Structure formats: C-alpha cells, structure tokens
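Asker:
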Ligand SMILES: [Zn+2]
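Numbering (the numbering used here), first residue to last: 242 to 647.
1. So what does DSSP say about residue 408, is it helix, strand or coil?
2. What is the C-beta distance between residue 535 and residue 641, in whole angstroms, given that I count them as a contact (C-beta under 8 Å)?
3. Who are the near neighbours of residue 400 in its chain, counting only those whose CB is closer than 8 Å to its CB and skipping five residues on each side?
4. With DSSP as the reference, please indicate the residues paired to residue 533 in a beta bridge.
5. Please write down, chain order preserved, every residue whose beta carbon lies under 6 Å from a heavy atom of ligand 1.
6. Where do the ends of the alpha helix (DSSP H) carrying residue 594 lie?
7. Return the chain-ordered list of same chain residues with a C-beta closer than 8 Å to the C-beta of residue 611, the five sequence neighbours on each side being excluded.
8. Using a Cβ-Cβ cutoff of less than 8 Å, which residues in the same chain neighbour residue 470 once the five nearest sequence positions on both sides are dropped?
9. Hey, residue 254 and residue 285 are a contact pair by Cβ (cut 8 Å); roughly how many whole angstroms apart?
10. For the structure I just gave you, are there three or more beta carbon pairs, one from the segment 243-254 and one from the segment 286-298, closer than 8 Å?
11. Taking 7 Å as the cut-off, is the beta-carbon of residue 385 closer than that to any non-hydrogen atom of ligand 2?
12. Considering only their Cβ atoms, is the gap separating residue 596 from residue 626 smaller than 8 Å?
13. Determine the direct distance from the alpha carbon of residue 349 to that of residue 450, and round the result to whole angstroms.
14. Taking its Cβ as the centre, do 16 or more other Cβ atoms sit within 10 Å of residue 460, making it buried, or is it exposed?
15. Just checking my contact of residue 388 with residue 366 at CB under 8 Å: how many whole Å lie between their CB atoms?
16. Give the DSSP bridge partners of residue 261, in chain order.
17. Check whether the Cβ atoms of residue 528 and residue 445 sit closer than 8 Å, and answer yes or no.
18. So which of 499, 456, 542 has the shortest CA-CA distance to residue 303?
19. Do residue 395 and residue 427 have their C-beta atoms within less than 8 Å of each other?
20. Please classify residue 439: is it buried, with 16 or more other beta-carbons within 10 angstroms of its beta-carbon, or exposed?
21. Who pairs with residue 614 in a beta bridge, going by DSSP?
22. For residue 437, does the count of other Cβ atoms within 10 angstroms reach 16, so buried, or fall short, so exposed?
23. Since residue 352 contacts residue 380 with CB under 8 Å, what's their CB separation in whole angstroms?
24. May I have a chain-ordered list of the beta strand (DSSP E) segments no shorter than 3 residues that lie completely inside the segment 289-335?
25. Reducing DSSP to helix, strand and coil, say where residue 274 ends up.
26. Using only CA atoms, which one of 488, 500, 432, 462 lies nearest to residue 329?
27. Hey, residue 463 and residue 511 are a contact pair by Cβ (cut 8 Å); roughly how many whole angstroms apart?
28. Comparing C-alpha positions only, which one of 481, 519, 516, 557 sits nearest to residue 505?
29. What's the C-alpha gap between residue 620 and residue 409?
30. Could you give the first and the last residue of the continuous alpha helix (DSSP H) run that contains residue 439?
31. Quick check: is the beta carbon of residue 406 nearer than 8 Å to any beta carbon in chain C?
32. Using the Cα positions of residue 430 and residue 492, report the straight-line distance between them to the nearest angstrom.
33. Please identify the residue among 252, 268, 260 whose C-alpha is closest to the C-alpha of residue 289.
34. Starting from residue 481, trace the beta strand (DSSP E) both ways and give me its first and last residue.
35. Just verifying my parser: in three-state terms, what is the DSSP assignment at residue 561?
36. Whole angstroms is fine: what's the gap from residue 575's alpha carbon to residue 383's?
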C-alpha cells in the first residue's frame, strides 16, 4: 500500500488489533444471527510524511450514511462546541456578514453556537438521520458528503466562507488532498480552516488505543499536519491542545497568502513532538507493546471477577467500545448488559460481541457488582450520575490507561 497523504511506499506496520466489525454497526435483534463483516485494524507509519494511518479503508458509504452518534447527547460536548463557536467568532472578528461552514455538522451543535454569535451558517452532513435532526434544530444542512459539488452549491447560494470547521472529520477522510483542495476553493482569501483531530501524542501517552477504529483512517501529530498543509499551499498558523476524546488538537489553517501570523504555539508543539520522537518508528513500536500489555491485564482482571461469580455491566457504548471489547475479546459471558443514554442505541446489540444496550434504569433492577466504564472520557460524568450505586458497594473498572478498579 501507499501513504494516503504523500503516496510514499515505505510504510512500516506496528500494531494489529485483529479484525473488528465497524465500530458503529450496532445490531438489531433480528440481525444477530446474520454474518457480520469484519475488517482488519492495523496501524502503519509513513517514514516520509510521518503520518500514522490504517492499512485498510472501509467505504465511507457504509460508515457515514446513517450515524448514531449525536453530539448534543453529551453535556461535555455541548459546552465544548458552544465555547468553540464563541471563541472563534470573537478572535477573528466574525459578524453577521460572515459565513461559517461546518463539515460533518452532526445535529448542528457547533453551527447553533455560531448562529448565536450572529453568523450565517450552513452544515454539510452525510448522515440522513443527523441532517434531519439538524434541520429540526433550525440549522440549514446539506445532506451529502463534502465534495466539489457541495462546495459549488454553497458558493452559489451563500458565497465564500470566512470559516470552515471540521471536527473529528479530517481523520475520517480517505482522499485528504481532494478534501483540502475543496476547502481551499470554499474559503475566502483570508478565511480560516479549523480542524479538530484526535491527537496521536495523547493517544500514546494516555493509551487510548480504543480510539483506533475504521472511521479513523489517519492519526495526526502537528508534525504530519503541518507537513501536509505546507506541501499543498496552506499553512498551520495556530494550534492548541484541547480535552475532547481524551486529547485532541485544534489546528488553525490559512491559505499561504492569508494574512495571519504564525503563533509561536505552533513551533512549541512541533519542538515538543520532535523531542518525544514522533518522527521515529521506535515510539510506535513501544506504544504497540504497551497496548498488548493492557489487553492482558484487563482480561486477567475481568477473568478473575467472573471466576468469583460476580456480575459486570458496561457503561457507555461509544464507537470506541467496539474496539476495546473486540480486541480484548470481552463479550456476553463477561458483561450482562451495556448502559447507554443515547435512546437510538438502546435495544440494540454491540457489534461483534452482541451485548445488549439498555437505558440506565436497569441498574435499579439488575444491580451489577462491577461497572466497566467503556466511555472513559466521560468517566467523571458517569461517576457522578451513578454515585448512589458506588455508595452501595458497586465497584468501577476504568480500563485505560492501565486497568484500575475503584
Ligand atoms: Zn506519507
């Protein structure tokens, strides 16, 4: 295979999580007996542009036309995106004449924030269910993938954009070059492109390897991002580390001729990355060894609990739980059920492992001895909500960075 970004063929593989079903392919009861497609989950490193990427690309039509993840379900994200819209509007003096375009706009959460700041907005969202939801929330949305024709449509009807955002979308894109060219055509000369991507350095430090799934084709560092944009007439001019998804990078990109100065933060992060060795294959080999170690410890702990005859429930069925459960082979024999507050997921079964997803009320009916927190990035929120069970001796297992029982 060749590198997704630079076409280089010297790729070095370092981690295999085996075969896994699509992370969001939760099953209805009728589909449990049917054969489930599984695809390899393997990471490889490009020695030229330093991009870490999946070896196998699943068709986006299979992954993004019906999407169960709704941004507004989480209080944490509501605050995160509302603040983001306010900050960008203020920092770049955007006003009622400005146009904000959000790619992968989900249920319109971020654009609603921009609307509140007075901006004109339009979303692009391939998932039909989410585009409908956004329209119901009053956010105009094009139900399609972001491509040449959506860009043409936006320019004709709304003009060029002052700000284009893509949160947790950039890593999903196979043809990043074409995507970026389209962003370039959509932006005004001094327009800005803001992407939020999960940060590979945080993934390595915090061992959040469950963020590896088929939707995430690329695993970025600022080094790989800056190299890419520089090669394609754009430039990273600011970067910040933010908390979402266990650690992300918010990166501000301008056209090469755009007016913004490069913030010193960019160089600081690049220097830090050099120091910890993101350009060196050894860093990734070490990470892989640790991942295999965590799997061993977690399965040992869960095995020991089951030998005692105790009951375990899962909490949270985010996409990443599919990776963790399948990679660690934690299934129906280990977890009685998984709680998720997203009503769209309740009644469905986890991909590959077939554990039923239920609403939180079940905790009063079938109280477990342990709760495995699968949505560990919301651990604090979950611990708060389930305090009364902790008070009645239910223990919690936090799987990452090292399995921990509290
Ligand atoms: Zn490359």
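We put the beta carbon where it would ideally sit given N, CA and C, even for glycine.
Note that this is a predicted model, so its numbers are computed, not measured.
Answerer: This is what the structure holds:
1. Indexing the chain shown from 1 puts residue 408 at position 167. When secondary structure is reduced to three states using DSSP, residue 408 falls in the strand class.
2. For this step, residue 535 is matched to residue 294 along the chain shown. For this step, residue 641 is matched to residue 400 along the chain shown. Right, the Cβ-Cβ distance comes to about 7 Å (below 8 Å), so this counts as a contact.
3. Here residue 400 refers to the residue found at position 159 when the chain shown is read from its first residue. Cβ contact annotation for residue 400 (same chain, cutoff 8 Å, sequence separation greater than five): 340, in chain order.
4. Against the chain shown, residue 533 aligns to sequence position 292. For residue 533, no pairing in a beta bridge is given by DSSP.
5. With the cut-off at 6 Å, the residues found are 244, 246, 247, 249, 287, 289, 290, 292.
6. For the purposes of this step, residue 594 is taken as residue 353 along the chain shown, with counting starting at 1. Element bounds for residue 594: n/a, residue is neither H nor E.
7. Working through the chain shown from its first residue, we reach residue 611 at position 370. Shown here for residue 611: same chain residues with a beta carbon closer than 8 Å to its own, the five before and five after excluded, namely 546, 551, 552, 553, 554, 635, 636, 637, 638, 646 in chain order.
8. Here residue 470 refers to the residue found at position 229 of the chain shown. Within the same chain, residue 470 has close Cβ partners 421, 476, 477, 494.
9. Indexing the chain shown from 1 puts residue 254 at position 13. Indexing the chain shown from 1 puts residue 285 at position 44. Yes, they are in contact, since the Cβ atoms of residue 254 and residue 285 sit about 4 Å apart, within 8 Å.
10. Contact between the segment 243-254 and the segment 286-298 is present: 3 or more CB-CB pairs across the two stretches fall below 8 Å.
11. You won't find ligand 2 in this model; what it holds is ligand 1.
12. Taking the first residue of the chain shown as position 1, residue 626 is located at position 385. Taking the first residue of the chain shown as position 1, residue 596 is located at position 355. The Cβ atoms of residue 626 and residue 596 lie no closer than 8 Å to each other.
13. In the chain shown, residue 450 corresponds to position 209, counting from 1. In the chain shown, residue 349 corresponds to position 108, counting from 1. Each residue's Cα considered, the two are about 28 Å apart.
14. Position 219 of the chain shown, counted from the first residue, corresponds to residue 460. Residue 460 should be labelled buried.
15. Here the question's residue 388 lines up with position 147 in the chain shown. Here the question's residue 366 lines up with position 125 in the chain shown. Between residue 366 and residue 388 the Cβ distance is about 13 Å, and since that is not below 8 Å, they are no contact.
16. Residue mapping note: residue 261 aligns to position 20 of the chain shown, counting from 1. Paired residues: 280.
17. Position 287 of the chain shown, counting from 1, holds the residue named residue 528. Position 204 of the chain shown, counting from 1, holds the residue named residue 445. Against a cut-off of 8 Å, the Cβ pair of residue 445 and residue 528 comes out as a contact.
18. Within the chain shown, the letter at position 62 stands for residue 303. Looking only at 499, 456, 542, the smallest Cα-Cα distance to residue 303 is reached by 456.
19. Position 154 of the chain shown holds residue 395. Position 186 of the chain shown holds residue 427. For residue 395 and residue 427, yes; Cβs fall inside 8 Å.
20. Here the question's residue 439 lines up with position 198 in the chain shown. Burial call: buried.
21. Stepping through the chain shown from its first residue, residue 614 is reached at position 373. Looking at the DSSP assignment, residue 614 forms a beta bridge with 556.
22. Working through the chain shown from its first residue, we reach residue 437 at position 196. The residue in question, residue 437, is buried, as its Cβ has 16 or more Cβ neighbours within 10 Å.
23. Here residue 352 refers to the residue found at position 111 of the chain shown. Here residue 380 refers to the residue found at position 139 of the chain shown. Between residue 380 and residue 352 the Cβ distance is about 5 Å, and since that is below 8 Å, they are a contact.
24. Entirely contained in the segment 289-335, the beta strand (DSSP E) runs reaching 3 residues are, in chain order, 293-295.
25. On the chain shown, position 33 is the one that residue 274 refers to. Residue 274 falls in the coil class under three-state DSSP.
26. Position 88 of the chain shown, counted from the first residue, corresponds to residue 329. Measuring from the Cα of residue 329, the nearest candidate turns out to be 432.
27. Counting from one through the chain shown, the residue named residue 463 turns up at place 222. Counting from one through the chain shown, the residue named residue 511 turns up at place 270. Cβ-Cβ separation between residue 463 and residue 511: approximately 6 Å, consistent with a contact (criterion under 8 Å).
28. The residue labelled residue 505 in the question sits at position 264 within the chain shown. Minimum Cα distance to residue 505 is reached at 481.
29. In the chain shown, the residue the question calls residue 620 occupies position 379. In the chain shown, the residue the question calls residue 409 occupies position 168. A straight line joining the alpha-carbon of residue 620 with that of residue 409 spans about 20 Å.
30. Locating residue 439 in the chain shown gives position 198, where the first residue counts as 1. Taken as a continuous stretch (DSSP letters only), residue 439 belongs to no alpha helix (DSSP H), being part of the beta strand (DSSP E) at 428-439.
31. The structure shown contains no chain C; it holds only a single protein chain.
32. Position 189 of the chain shown, counting from 1, holds the residue named residue 430. Position 251 of the chain shown, counting from 1, holds the residue named residue 492. Taking the straight line from one Cα to the other gives about 18 Å.
33. Taking the first residue of the chain shown as position 1, residue 289 is located at position 48. Here the closest residue by C-alpha is 252.
34. Here residue 481 refers to the residue found at position 240 of the chain shown. Residue 481 -> beta strand (DSSP E) spans 475-483.
35. Counting from 1 along the chain shown, the entry for residue 561 is found at position 320. DSSP places residue 561 in helix when its eight states are reduced to three.
36. The residue you call residue 575 lines up with position 334 of the chain shown. The residue you call residue 383 lines up with position 142 of the chain shown. Near 42 Å, if we compare the C-alpha coordinates of residue 383 and residue 575.
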